[in-house]
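Protein chains in written order, with the working numbering: chain G, 1 to 341; chain D, 1 to 279.
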């Protein structure tokens with residue numbers, strides 16, 4: 001378990017001119033609808049508590065209007081909280097003054113936007129350099145760093161093009177390079193891949209996971225797409241109507257949905273594709289030599305051919321080839337049946 | 001009663017402070033005179049060449065450059081060179097002052113809704129009030145001459161650049177601004193790196209309008225003693241010299257077309273990134 005990088009405590013956000021006035025009513029349980037009809041204020045976030053682990057990908061998922069974009073904007077304080085605290089590395093960023101907040105944004109966070117939000121009047125190189133030039137870094141140094149990231153995202157040769165000369169996927173790679181160029185600890189990605197077509201989206205997801213292997217950033221990733229959430233997230237938080245309804249890893253979300261909302265959300269997910277062998281593993285026991293052997297981190301789907309061949313079940317090994325347990329055939333049939341329901 | 005007291009108060013005010021206010025404008029006057037003399041006294045081929053180079057740099061159009069050459073030669077041939085240079089100098093100075101004053105005012109307006117609410121009605125008055133009305137106090141205060149003419153032209157011509165600067169900055173994509181915020185840009189960095197560059201095409205449309213309106217004021221300004229193409233037009237009206245009026249009028253039109261085309265195509269080039277084609 002890594003240490004906590006971002007800690008969100010009792011965070012409330014009410015949109016409206018007199019938001020402070022109604023905070024106590026909300027704390028006493030006034031609902032979003034009641035607040036809207038009675039006082040014409042919108043409840044954006046309702047008592048959010050969330051710890052984001054260092055170097056992990058934290059996905060925040062919800063439908064539109066669930067408050068996920070509002071939540072991510074509290075991390076770099078593009079939106080001021082009505083109440084509550086957000087600490088990063090133990091520092092309460094809701095208390096930062098103007099100058100410190102600018103410094104925080106320049107050094108600690110990078111952000112990628114749903115609709116790219118590139119600077120249309122600047123070429124790709126200058127776009128990627130933006131964060132560096134804001135910090136008034138040495139020019140040749142910042143060009144070098146920008147070129148490094150342009151190469152990393154596979155856009156070498158496009159430095160002098162303008163954003164509208166690139167396709168959507170390429171533009172978002174510029175957005176990613178721009179966010180990474182300042183080498184921030186935290187990467188905030190607001191529906192970063194939602195505007196891309198499915199094939200490119202998968203590409204970008206793979207690229208992000210590949211980069212993350214070496215970068216080890218703390219990534220907060222907003223999405224409304226459950227498959228994306230399950231693919232990317234080390235942990236997944238589900239928001240509904242400004243409330244955090246569940247926070248857990250992919251297995252927990254799939255197998256133990258906290259309420260009907262989450263259950264509906266995960267209903268159509270292809271479980272055997274997401275669930276790994278280790279989630280249904282019976283630890284210990286004896287290795288049965290007549291049975292095929294699979295890895296703990298394989299998805300159940302990938303093991304299906306092996307299951308068909310097997311007599312009674314599968315032998316399971318870990319990354320170091322040590323035998324860790326077995327999975328019986330019946331258990332797998334069970335899971336397959338459940339995912340049909 | 002009301003009229004008398006206001007007029008009286010203003011008369012006293014202008015008697016008392018007229019000289020001081022005039023002194024404030026002295027540097028502008030010196031510059032204006034210097035610029036006019038420079039244009040008039042330099043040999044005409046030199047000025048023509050300079051104008052053509054500016055036209056070409058601004059528009060990158062060889063046709064417009066040739067057209068400008070023909071227009072300038074005709075103006076010289078019909079003996080309107082000096083008046084034209086006077087007009088160019090006052091238009092030039094008015095435009096620069098309008099830009100210098102108008103853009104900061106426009107930025108202030110875009111920054112605050114309150115400033116906008118305060119300034120907009122003033123701009124409405126400046127644009128709709130018949131120019132003769134505000135010429136009266138200006139002339140009372142500063143007498144007849146270049147400076148009152150300059151003020152009258154600026155009052156009439158500055159609103160478009162203020163409005164369009166404000167509009168251009170307000171039109172900048174909110175998401176792009178949010179991105180600038182997210183990277184920790186401060187107010188000045190946002191203004192100079194994001195807002196102004198993106199507003200520039202709109203601001204240029206404002207500059208273009210300002211130049212056109214300044215040219216339109218040339219005749220009226222000539223009534224309070226501004227030299228230039230307006231004076232012969234005025235003379236032609238009072239004496240019914242049709243040809244004289246027509247020629248000088250056409251010279252104004254020629255200037256207007258040159259200024260307009262150059263500033264427009266320059267503005268268009270600034271937004272090339274918007275229409276850049278994919279490769």
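The C-beta atom is built at its ideal place from N, Cα and C for all residues, glycine as well.
Here the structure is a predicted model, which means the values were calculated and not measured.
Residue 123 of chain D is a Cβ neighbour of residue 163 of chain D, given a cutoff of 8 Å. Contact check for residue 196 of chain G against residue 212 of chain G fails: the beta carbons are separated by 8 Å or more.
Of all C-beta pairs linking the segment 129-148 of chain D to the segment 169-178 of chain D, fewer than three are shorter than 8 Å, placing the two stretches out of contact. By the neighbour-count definition (other C-beta atoms within 10 Å, threshold 16), residue 111 of chain G is a buried residue. Excluding sequence positions up to five before and after residue 68 of chain D, its CB lies within less than 7 Å of the CB of 51, 52, 55, 258, all in the same chain and listed in chain order.
Check the Cα spacing between residue 50 of chain G and each of G/294, G/238, G/298: the tightest is with G/238. As computed with DSSP, residue 243 of chain G is found in a beta bridge with G/240. Think of a sphere of 9 Å around the beta carbon of residue 184 of chain D: the chain G residues whose beta carbon falls inside it are 76, 101, 102, 103, 104, 105, 106, 107, 109, 131, 134, 135, 182, in chain order. At a cut-off of 8 Å between beta carbons, residue 171 of chain D makes no contact with chain G. DSSP places residue 193 of chain D within a helical segment (H, G or I) once states are collapsed to three. Each residue's CA atom was taken as its position, placing residue 271 of chain D and residue 184 of chain D some 26 Å apart. In summary, the residues of the segment 178-202 of chain D whose CB is separated from some CB of chain G by less than 9 Å are 178, 179, 180, 181, 182, 183, 184, 185, 186, 189, 193, 194, 197, 198, 200, in the order they occur in the chain. If you draw a straight line from the Cα of residue 229 of chain D to the Cα of residue 208 of chain D, it comes to about 20 Å. Membership of residue 53 of chain G in any alpha helix (DSSP H) is not indicated; the residue belongs instead to the beta strand (DSSP E) covering 42-53. Considering only D/211, D/151, D/227, D/116, the residue with the shortest C-alpha distance to residue 22 of chain D is D/151.
Considering only G/54, G/21, G/52, G/55, the residue with the shortest C-alpha distance to residue 40 of chain G is G/21. Shown here, residue 171 of chain D sits in coil according to DSSP, grouped into three states, outside any helix or strand. The C-beta of residue 117 of chain G comes closer than 8 Å to at least one C-beta of chain D. Any Cβ of chain D closer than 8 Å to the Cβ of residue 224 of chain G would place that residue at the interface, and such an atom is absent. Residue contact check for residue 113 of chain G against chain D: a CB pair falls below 8 Å. Taking each of G/114, G/105, G/85 in turn and checking the Cα distance to residue 68 of chain G, the smallest one comes out for G/114. In the same chain as residue 128 of chain G, and ignoring 5 residues on each side of it, the C-beta atoms closer than 7 Å to its own belong to 146, 149, 150, 174, 177, 178, 181, in chain order. Counting the other Cβ atoms within 10 Å of the Cβ of residue 79 of chain D gives fewer than 16, which makes it exposed.
What residue 41 of chain G touches in chain D, judged by beta-carbon distance under 8 Å, is nothing: the nearest beta carbon there is about 21 Å away. Bridge pairing for residue 15 of chain G: G/42 [DSSP].
Following the DSSP letters along the chain, one finds residue 145 of chain D in no beta strand (DSSP E), marked with neither H nor E. At a Cβ-Cβ threshold of 8 Å, residue 134 of chain G and residue 106 of chain G count as neighbours.
Per the coordinates, the alpha-carbon of residue 198 of chain G lies some 23 Å from the alpha-carbon of residue 264 of chain G.
Sorting G/74, G/247, G/109 by C-alpha distance to the C-alpha of residue 82 of chain G places G/74 at the top.
Around residue 175 of chain D, the beta-carbon contacts reaching into chain G at under 7 Å are 113, 115, 117. Residue ranges of uninterrupted alpha helix (DSSP H) with 4 or more members, entirely inside the segment 104-176 of chain G and ordered along the chain, are 124-134, 139-152. Annotation for residue 248 of chain D: no beta strand (DSSP E) segment contains it, though the alpha helix (DSSP H) segment containing it runs 242-270.
A contact between stretches requires three or more CB pairs, one per stretch, nearer than 8 Å, and the segment 253-272 of chain G meets this requirement with the segment 223-239 of chain G.
Here DSSP, grouped into helix, strand and coil, assigns residue 68 of chain D to helix. Counting C-beta atoms within 10 angstroms of its own C-beta, residue 249 of chain G has fewer than 16 neighbours from the protein chains shown and is therefore classed as exposed.
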